[in-house]
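One structure is given below, encoded as structure tokens.
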Ligand SMILES: C[S@@+](CC[C@H](N)C(=O)[O-])C[C@H]1O[C@@H](n2cnc3c(N)ncnc32)[C@H](O)[C@@H]1O
């Protein structure tokens, strides 16, 4: 099924407007393949008919489903490892020291996809920092995709997913088998509050954040939007808070108020003092 | 047993995709070999709390393709021994994954591969699930036979 | 780095050996636990063992126990690569001294990610 230039343009603009995700010309194949399951589910015969409905605005919620289908949700437990080694080796110990009087820790995972990243962080907190057990932990995890948020709240992973990057020792400790799936145990699941937050829009009121994971999401935005998101982050991050970006992302040439920490391959930044 | 059929599909798709890089789709048509000498079956037995057999039935042309991918050789250069090894390992993965869905403890036998007539009747056993697939234009089926008289034979 | 791949399927041995040698490992193979014990005794120490569970002669679980009995192999990291996927089996293998566990089917990414978790170098 080929998509017409007009229809591609319409979807491109819709997605840009709603999620800030940039679909360059040449990504027609991506739109085609991602729309197929949606067409099937909605009982629509072609992208042309889908775009017709979107233009007519007859079916509310359809636009959200289109945006949802065009998010890329690739993720895994302990993805890239180094950021989590930095978290465990430096950052959490540092925050425990700094916040020892308030005994409060605030973490925000801003593009959590199917949940492997926030659950990785939660496992590190539970497994390696028993002293945090009587702290108040505010752990917010968000994404724009409702489908992904549903997956996060269910905390269920296939065998292929738990095979990727998850230490066997942690699988044994924090998961249980449910049929063919592996489910995050309730006490870990309950640590995290999952919310729908669109990074392209003004942020909701949030507590000031000690650690912000925002990995592999800025790459989908244009420079202006990257700058705007980093600008908003400056306001929610504590002055000494930590920001994690993905391996292919940087604040360089976008926002000069951040500096990269000398923790190898961690993609960890702090606001300049 | 629709539940089990879904589980078989999920595992089969995952196995064929990750090990072979091949997409398989569910099919309504049960695989029927046109020529018995061309049909192969890889099977593993499960014993313990649940007793039965998981079998992967396929045309030898598909088994050849599987072996050629796993051994990284052209299809025409695949040896019978390698074809059996490859098909046996697929049966092993399928049966092993399914075993975990049965009551514990269960034990998995080593795989065996045979040129077979496609006969699902085995005395003392009943067919509890049969799932059919297509890999490209090549069909295959996976059957689960359950031993009904537990501890019956010796 | 030296690795020993133990699996009764020649196809799996080939696939795993290929994955490891392409990131610089020197790989030996064994078709079951007994053979692995012989290879271990006859060669220089290995840094890594990838071990299937269900095999003839001596199974992978017994092999892990055997290897962990000998302090000579303390630095050898052991990873089960097996179709045994019950939680109880994972627990049993870890308690016997396996360092990691991969449930078949596996991909190259899975193997490499697990190697990194065990602190082994994964550079092509
Ligand atoms: C590749 S995943 C990254 C997952 C995880 N952070 C990681 O690094 O493994 C990108 C996620 O960003 C989300 N996303 C895309 N645009 C977004 C937006 N405007 N607001 C919030 N999340 C967005 C997608 O839904 C997707 O789940």
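Residue numbers (the numbering used here), protein chains in the order written: chain S, 1 to 273; chain P, 1 to 154; chain V, 1 to 124. Think of the CB as a built atom: it goes at the ideal place given N, C-alpha and C, for glycine as much as any other residue. Predicted, not measured: the structure shown is a model, and the values here were computed from it.
In this structure residue 6/V is not in contact with residue 42/V, their Cβ atoms being roughly 15 Å apart against a cut-off of 8 Å. With a cutoff of 9 Å on beta-carbon distance, residue 164/S and residue 136/S are scored as not near each other. Secondary structure of residue 156/S (DSSP, three-state): strand.
For residue 18/P, the residues of chain S that pass the 8 Å Cβ criterion are 160, in the order they occur in the chain.
Chain-ordered, the chain V residues with CB closer than 7 Å to the CB of residue 171/S read 90. In this structure residue 36/S is exposed. Its beta-carbon is surrounded by fewer than 16 other beta-carbon atoms within 10 angstroms. As a beta-bridge residue in DSSP terms, residue 42/P pairs with 56/P and 113/P.
Only 10, 11, 12, 14, 15 and 18 from the region 10 to 23 of chain V bring a Cβ to less than 9 Å from some Cβ of chain P. If the five residues before and after residue 118/S are omitted, its C-beta is found closer than 6 Å to the C-beta atoms of 109, 112, 141 and 192, all from its own chain and listed in chain order. Contact between residue 82/S and residue 265/S holds: CB atoms are separated by about 4 Å, below the 8 Å threshold. Scanning 76/S, 51/S and 75/S for the CA closest to the CA of residue 64/S turns up 51/S. Here residue 90/P carries a helix assignment [DSSP, helix/strand/coil]. Taking all protein chains in view, the Cβ of residue 99/P is crowded by 16 or more other Cβ atoms within 10 Å, so the residue is classified as buried. With a threshold of 16 other beta carbon atoms within 10 Å, residue 139/P meets it and is buried. Per DSSP, residue 71/S is not a residue of any beta strand (DSSP E), being assigned neither H nor E.
Nothing from the region 50 to 66 of chain P brings a Cβ to less than 9 Å from some Cβ of chain S. Minimum Cα-Cα distance from residue 105/V among the listed residues 16/V, 1/V, 4/V and 56/V corresponds to 16/V.
Residues of the region 177 to 190 of chain S with a C-beta atom less than 8 Å from some C-beta of chain P are 177, 179 and 180, listed in chain order.
The beta carbon of residue 7/P is closer than 8 Å to those of 98 and 101 in its chain, skipping five residues each way along the sequence. Taking non-hydrogen atoms of ligand 1 into account, the C-beta of residue 109/S is found less than 8 Å away from one of them. The C-beta separation of residue 97/V from residue 68/V comes to about 4 Å, placing the pair in contact by the 8 Å criterion.
When C-alpha distances from residue 72/V are compared across 44/V, 102/V and 4/V, the shortest belongs to 44/V.
Fully contained in the region 106 to 147 of chain S are the following beta strand (DSSP E) runs of length 3 or more, in chain order: 136 to 143.
Looking at the backbone, the Cα of residue 66/P and that of residue 128/P are separated by about 26 Å.
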